[in-house]
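Take any residue in the sequence shown, count from 1 to its spot, add 148: that is its number in my numbering.
Here a beta-carbon is modelled for each residue, glycine too, at the ideal position from N, C-alpha and C.
Each remark here refers to the structure printed beneath this line.
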Amino acid sequence: MKTRWWLVGLCGVGLLMSGAVGSSSAYFAYHGGPVAEKGSVAEPFLVIEALRLQYQGATIVEKGSVSGVVKAAGKPPAPKPIEVNQDQDECGKSQPAESLILGAGNEVKNALVRLTNIVKGKRLDTKTKVVLDQANCRFVPHVVIVPVGATLEIKNSDPITHNVHTFSIENDPINKTRPKGGPVVSTRFTLPEIFKVQCDIHKWMSAWIVAADHPYNVVTDDKGQYKLPDVPPAPGAGFYEIEFWHETLGKVTKEVIVKKNADTSLSVDLKK
Ligand SMILES: [Cu+2]
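And the structure:
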């Protein structure tokens with residue numbers, strides 16, 4: 149889940165000094181003089197970040213789902229194929245750009261759809277093994293969801309050397325050369341984060357890793373479709389925040405109400 153910071157306290161009262169204080173005060177002697185800079189003397193409030201709500205996995209009895217289609221607004225131009233300038237025997241002369249893959253009706257492949265404020269739901273599968281392959285000079289899949297605590301295996305299925313370089317901040321980054329036939333790189337992530345991974349040898353090779361601390365994350369298929377199943381209705385008459393993210397088209401956040409035994413349909417257009 150997305151990290152949620154809750155404000156549980158407002159602490160401190162700022163001193164606002166305005167105007168002169170009588171110089172005959174018993175406690176303070178005010179010394180007037182030229183004011184070089186005017187501005188706030190003290191912040192009126194100090195805000196303290198205090199409690200981070202962790203996602204809680206449980207057996208879910210009442211559940212519904214959310215599904216829909218992600219499309220691109222307007223008609224964004226498809227990125228041009230990328231010219232390959234090395235290892236052409238294995239990688240060909242060009243590679244399709246994967247930064248924006250649209251269907252005939254502007255449906256967006258590889259958009260991430262996720263609930264961002266869910267704190268309780270089905271259990272996260274931390275026993276699973278997720279594979280990110282380097283095959284035919286591309287990362288497969290292009291967007292991979294890895295539960296926090298689960299194993300990600302990064303393979304090299306090509307007969308050439310690749311590299312794996314992740315650009316994570318919350319999690320330890322990886323930067324490893326991957327000779328052909330070399331061992332699988334196994335790793336785990338400890339914190340939720342979306343980050344890029346690339347091959348430093350073949351610059352067109354990149355993908356996105358979504359380290360997720362709850363199971364309500366999904367990637368759209370080549371028809372732009374998504375479905376988030378097994379979602380418990382939000383407590384009370386509440387709603388969830390649902391985020392649609394794409395590496396090129398950006399992000400849109402909506403609110404969605406989930407009802408038990410029902411599917412809520414929610415489709416969006418992403419604008420570049
Ligand atoms: Cu490579």
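Can you have a look at residue i and say buried or exposed, based on whether 16 or more other CB atoms are within 10 angstroms of its CB?
i, result
"residue 317", "exposed"
"residue 328", "exposed"
"residue 361", "buried"
"residue 258", "buried"
"residue 384", "exposed"
"residue 382", "buried"
"residue 223", "exposed"
"residue 320", "exposed"
"residue 339", "exposed"
"residue 348", "exposed"
"residue 209", "exposed"
"residue 306", "buried"
If you follow the alpha helix (DSSP H) that residue i is part of, which residue opens it and which one closes it?
i, result
"residue 237", "236-239"
Residue i lies in the beta strand (DSSP E); which residues open and close that run?
i, result
"residue 373", "373-379"
"residue 301", "299-304"
"residue 255", "Looking at the DSSP string, residue 255 is not in any beta strand (DSSP E), and its letter there is neither H nor E."
"residue 329", "Looking at the DSSP string, residue 329 is not in any beta strand (DSSP E), and its letter there is neither H nor E."
"residue 390", "388-394"
"residue 311", "310-314"
"residue 271", "No beta strand (DSSP E) holds residue 271; DSSP gives it neither H nor E."
"residue 399", "398-404"
"residue 341", "341-346"
"residue 417", "416-418"
"residue 219", "212-220"
"residue 413", "411-413"
"residue 208", "Residue 208 -> no beta strand (DSSP E), and no H or E assigned at all."
"residue 365", "365-367"
"residue 261", "260-263"
"residue 280", "277-283"
"residue 462", "Coverage of the chain is limited to positions 149 through 420, which leaves residue 462 absent and any answer about it impossible."
Assuming residue i and residue j make a contact with CB atoms under 8 Å, what is their CB distance in whole Å?
i, j, result
"residue 417", "residue 226", "Their Cβ separation, rounded to whole angstroms, is 17 Å, which puts residue 417 and residue 226 out of contact at 8 Å."
"residue 315", "residue 344", "5 Å"
"residue 333", "residue 324", "6 Å"
"residue 420", "residue 251", "Not confirmed; about 16 Å, so no contact."
"residue 280", "residue 359", "Actually they are not in contact, since the Cβ atoms of residue 280 and residue 359 sit about 12 Å apart, beyond 8 Å."
"residue 312", "residue 367", "20 Å between Cβ atoms; not a contact."
"residue 260", "residue 393", "5 Å"
"residue 254", "residue 219", "5 Å"
In chain order, what residues of the same chain have a beta carbon less than 8 Å from the beta carbon of residue i, not counting five sequence neighbours either side?
i, result
"residue 274", "295, 296, 297 and 298"
"residue 412", "212, 213, 214, 215, 404, 405 and 406"
"residue 401", "264, 389, 390, 391 and 392"
Quick one: residues in its chain with C-beta nearer than 7 Å to the C-beta of residue i, no 5 flanking neighbours on either side, listed in chain order?
i, result
"residue 211", "378, 379, 380 and 408"
"residue 247", "227, 395 and 396"
"residue 304", "282, 310, 326, 328 and 330"
"residue 207", "none"
"residue 364", "262, 263, 266, 269, 376 and 379"
"residue 387", "403, 404 and 405"
"residue 346", "313, 353 and 354"
Considering only residues of the same chain and omitting the five flanking positions on each side of residue i, which have a CB-CB separation below 6 Å?
i, result
"residue 235", "308"
"residue 239", "232 and 285"
"residue 415", "216 and 217"
"residue 205", "271 and 272"
"residue 302", "280, 312 and 333"
Environment of ligand 1 in chain order, Cβ to heavy atom below 7 Å: Matched residues: 282, 285, 310, 311, 347, 349, 350 and 353.
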